[in-house]
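Trainee: Line by line, the protein sequences give chains A and B.
Residues 1 to 108 (the working numbering) make up the first sequence, in order.
Residues 109 to 220 (the working numbering) make up the second sequence, in order.
Backbone N, C-alpha and C fix where the C-beta goes; we use that ideal spot for every residue, glycine too.
Sending over a structure as structure tokens; questions will come in a sec.
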Amino acid sequence: AQRVTQPEKLLSVFKGAPVELKCNYSYSGSPELFWYVQYSRQRLQLLLRHISRESIKGFTADLNKGETSFHLKKPFAQEEDSAMYYCALVSGTYKYIFGTGTRLKVLA
Amino acid sequence: DAGVTQSPTHLIKTRGQQVTLRCSPKSGHDTVSWYQQALGQGPQFIFQYYEEEERQRGNFPDRFSGHQFPNYSSELNVNALLLGDSALYLCASSQGSRGTQYFGPGTRLLVL
Chain A
1 AQRVTQPEKL LSVFKGAPVE LKCNYSYSGS PELFWYVQYS RQRLQLLLRH ISRESIKGFT
61 ADLNKGETSF HLKKPFAQEE DSAMYYCALV SGTYKYIFGT GTRLKVLA
Chain B
109 DAGVTQSPTH LIKTRGQQVT LRCSPKSGHD TVSWYQQALG QGPQFIFQYY EEEERQRGNF
169 PDRFSGHQFP NYSSELNVNA LLLGDSALYL CASSQGSRGT QYFGPGTRLL VL
């Protein structure tokens, strides 16, 4: 079954500390993976997609097919990074499958 | 461009009733997808519309139906509402099925 798992509901880190938001997926095929972010009182928005291999707001994510993971990382967390983060997978038939999300709290 | 817009913002219905939610896509987008987001969960894919036809569907019963109009706007209809249908309903638009999805603010539905 196609599934996206985000094991942490809440992750708290101090400002300036490294951040890693975990995402594991289950998919038979070549997945297309995304990270979406939702800041307080804002709509869900795309943070990055693995095929573009770009860094947005200092965040990067590497697709590890062996471990079926797509963890989101940032070397130095900022207070403005506090938000809800969702990992998502797109199947070959373009169905989007989202994880349950991780709330990141960056403490001053 | 206001981006993706949805109406209404909030809605209260009773069990057994029917509801229609509306979505206007971002300018230049031709594909609309609908999601249900229950409290504490990630968005769950309901279906996607392109060229006025339902192209993909998630694991939702036939009570959930939709429509896309020639101007690419879309409606989500839910019949015979159940308490479990209470959720935030999100609309996302894109250029084609593979385009980046832009989300609307959602419609919060409460079924009593």
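What residues of chain A sit near R206/B, judged by a beta carbon separation below 7 Å?
Mentor: Reading the second sequence from its first residue, position 98 is the one you call residue 206/B. What R206/B touches in chain A: Y94.
Trainee: Flag this pair as touching only if the segment 77-87 of chain A and the segment 29-41 of chain A have three or more C-beta atom pairs under 8 Å; answer yes or no.
Mentor: Yes: at least three Cβ pairs fall under 8 Å.
Trainee: Can you give me the start and stop residues for the beta strand (DSSP E) that F34/A sits inside?
Mentor: Counting from 1 along the first sequence, the entry for residue 34/A is found at position 34. Its beta strand (DSSP E) spans residues E32 to Q38.
Trainee: Counting only C-beta atoms, is Q156/B closer than 8 Å to chain A at any point?
Mentor: As a position in the second sequence, residue 156/B is number 48, starting the count at 1. It does: the Cβ of Q156/B has a partner Cβ on chain A nearer than 8 Å.
Trainee: Would you call T139/B buried or exposed, if buried means 16 or more other Cβ atoms sit within 10 Å of its Cβ?
Mentor: One-based indexing of the second sequence puts residue 139/B at position 31. Counting Cβ neighbours within 10 Å, T139/B comes out buried, since at least 16 surround it.
Trainee: Helix, strand or coil for L11/A per DSSP?
Mentor: By 1-based counting over the first sequence, the position of residue 11/A is 11. The answer is strand: DSSP assigns L11/A an E or B state.
Trainee: What does L198/B touch in chain A if you count any residue whose Cβ is under 9 Å from its own?
Mentor: Taking the first residue of the second sequence as position 1, residue 198/B is located at position 90. R43 and L44, listed in chain order.
Trainee: Could you say which of Q164/B, V112/B and A146/B lies nearest to S91/A if we only look at CA atoms?
Mentor: As a working note, residue 91/A is residue 91 in the first sequence. For the residues Q164/B, V112/B and A146/B, the minimum Cα distance to S91/A belongs to Q164/B.
Trainee: Quick check on E79/A: does DSSP put it in helix, strand or coil?
Mentor: Against the first sequence, residue 79/A aligns to sequence position 79. Helix, per DSSP.
Trainee: Taking C-beta to C-beta, are L47/A and L104/A nearer than 8 Å?
Mentor: Here residue 47/A is taken as the residue at index 47 of the first sequence, counted from 1. Here residue 104/A is taken as the residue at index 104 of the first sequence, counted from 1. In this structure, L104/A does not lie closer than 8 Å to L47/A by Cβ.
Trainee: So, at 8 Å on beta carbons, what are the nonlocal neighbours of E8/A in its own chain, with the 5 sequence-adjacent residues on each side left out?
Mentor: Here residue 8/A corresponds to residue number 8 of the first sequence, with the count starting at 1. L21, K22 and T102.
Trainee: Less than 8 Å separating the beta-carbons of L217/B and S194/B?
Mentor: Within the second sequence, numbered from 1, the residue matching residue 217/B stands at position 109. Within the second sequence, numbered from 1, the residue matching residue 194/B stands at position 86. Going by C-beta atoms, L217/B is nearer than 8 Å to S194/B.
Trainee: Excluding the 5 residues preceding and the 5 following P151/B in the sequence, name in chain order all residues of the same chain whose CB lies nearer than 8 Å to its CB.
Mentor: Translated into the one-based positions of the second sequence, residue 151/B becomes position 43. Correct list, in chain order: Y143, Q144, Q145 and L198.
Trainee: Find the nearest neighbour of R3/A within the set A108/A, E67/A and G99/A, judged by alpha-carbon distance.
Mentor: Position 3 of the first sequence, counted from the start, is the residue given in the question as residue 3/A. Nearest of A108/A, E67/A and G99/A to R3/A, Cα basis: G99/A.
Trainee: G124/B: which of T117/B, E160/B and V186/B sits nearest, CA to CA?
Mentor: The count along the second sequence starts at 1 and reaches residue 124/B at position 16. Ranking T117/B, E160/B and V186/B by Cα distance to G124/B puts V186/B first.
Trainee: For a quick check, are the C-beta atoms of P156/B and S173/B less than 8 Å apart?
Mentor: Numbered from 1 along the second sequence, position 48 holds the residue referred to as residue 156/B. Numbered from 1 along the second sequence, position 65 holds the residue referred to as residue 173/B. The sequence shown places Gln at residue 156/B, not Pro. No, they are not a contact pair.
Trainee: Taking the alpha-carbon positions, what's the F177/B to L44/A distance?
Mentor: Taking the second sequence and counting its residues from 1, one reaches residue 177/B at position 69. Taking the first sequence and counting its residues from 1, one reaches residue 44/A at position 44. One C-alpha to the other measures close to 24 Å.
Trainee: From T122/B to V219/B, what does the alpha carbon distance come to, in whole angstroms?
Mentor: The count along the second sequence starts at 1 and reaches residue 122/B at position 14. The count along the second sequence starts at 1 and reaches residue 219/B at position 111. Computed Cα separation, rounded: 5 Å.
Trainee: Along chain B, in chain order, which residues have C-beta atoms closer than 9 Å to that of F98/A?
Mentor: Counted from its first residue, the first sequence places residue 98/A at position 98. Chain B residues near F98/A: Y143, Q145, Q149, G150, P151, Q152 and F153.
Trainee: If you draw a straight line from the alpha carbon of Q126/B to that of D109/B, how long is it in whole angstroms?
Mentor: Here residue 126/B corresponds to residue number 18 of the second sequence, with the count starting at 1. Here residue 109/B corresponds to residue number 1 of the second sequence, with the count starting at 1. Distance between the alpha carbons of Q126/B and D109/B is about 31 Å.
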